[in-house]
Amino acid sequence: EVQLVESGGGLVQPGRSLKLSCAASGFTFSNYYMAWVRQAPKKGLEWVATISTSGSRTYYPDSVKGRFTISRDNAKSSLYLQMNSLKSEDTATYYCARHDWFAYWGQGTLVTVSS
Amino acid sequence: DVVMTQTPPSLSVAIGQSVSISCKSSQSLVYSDGKTYLHWLLQSPGRSPKRLIYQVSNLGSGVPDRFSGTGSQKDFTLKISRVEAEDLGVYYCAQTTHFPHTFGAGTKLELK
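So the protein lines, in turn, are chains F and H.
With the working numbering, the residue at position 31 of the first sequence is 48, and numbering never jumps.
With the working numbering, the residue at position 47 of the second sequence is 74, and numbering never jumps.
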């Protein structure tokens with residue numbers, strides 16, 4: 018059974034940093050592109066980042082480019098999202114997803130950016 | 028960026044009724060490999076999104092065949108035949124043809 022379990026969310030002040038993790042199991046992690054998608058409270062879905070199988074290629078929307086960094090450790094079947102210079106508009110539930118057309122999602126981890 | 032326009036924003040249905048949701052993109056979603064990367068997701072209340080259909084018309088694993096997807100280029104439709112209670116929630120279309128990947132604003136399916 019495919020499982021994606023996010024962790025690392027919490028309350029953080031504007032301008033600070035936070036690192037999210039996603040532990041994957043039930044599939045060969047190194048074979049798949051992976052992604053982060055977020056959902057602000059009561060809002061729709063927003064794609065945040067994608068990483069290739071080896072980690073050599075990463076993709077971001079302009080809203081987070083230069084502030085967020087996606088990475089992976091294939092030996093640990095883990096995905097990460099380093100978020101720097103956080104803003105109030107980054108407040109959202111962050112989901113880890115397998116990128117083969119968003120086939121699988123985690124349960125999400127809530128990030129609240131507030132002073 | 029590719030804008031995904033979903034209509035209607037909400038639908039009120041009776042169990043057993045059939046419904047359709049439209050998704051139109053601001054650009055063609057045909058990739059250079061000839062495939063179209065348009066997908067449909069359902070987010071049930073309080074749950075994570077779940078993929079229903081990928082690449083326009085392919086049913087995801089375990090998804091009932093009451094769900095079907097059609098369309099091409101810039102115009103796509105999700106049809107649900109014989110709505111069941113478990114189908115209620117917010118439906119999203121999503122494109123992964125172009126970066127940045129983008130989602131529709133969602134269509135909320137409610138019980139009449």
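Note that beta-carbon positions come from the ideal geometry of N, C-alpha and C, so glycine has one too.
Predicted model, so just to flag it, every value in this text is computed and none were measured.
Check	Outcome
Beta-carbon proximity list for Thr34/H, same chain, < 7 Å, skipping 5 on both sides	Ser49
Cβ pair Met31/H, Ser47/H closer than 8 Å	no
Amino acids of chain F, ordered along the chain, whose beta-carbon sits closer than 9 Å to that of Phe130/H	Val54, Gly61, Leu62, Glu63, Trp64
Neighbour list for Tyr76/F in chain H, Cβ cutoff strictly below 9 Å	Phe126, Pro127, His128
Three-way DSSP call (helix, strand, coil) for Phe44/F in this model	coil
Supposed close pair Tyr118/H, Leu136/H - CB separation, criterion 8 Å	6 Å
As assigned by DSSP and simplified to three states, the class of Lys93/F	helix
With 16 other Cβ atoms within 10 Å as the buried cut-off, status of Thr126/F	buried
Beta carbon proximity, Gln100/H to chain F, threshold 8 Å	no
Residue environment, Ser88/H, which counts as buried when at least 16 other CB atoms sit within 10 Å	exposed
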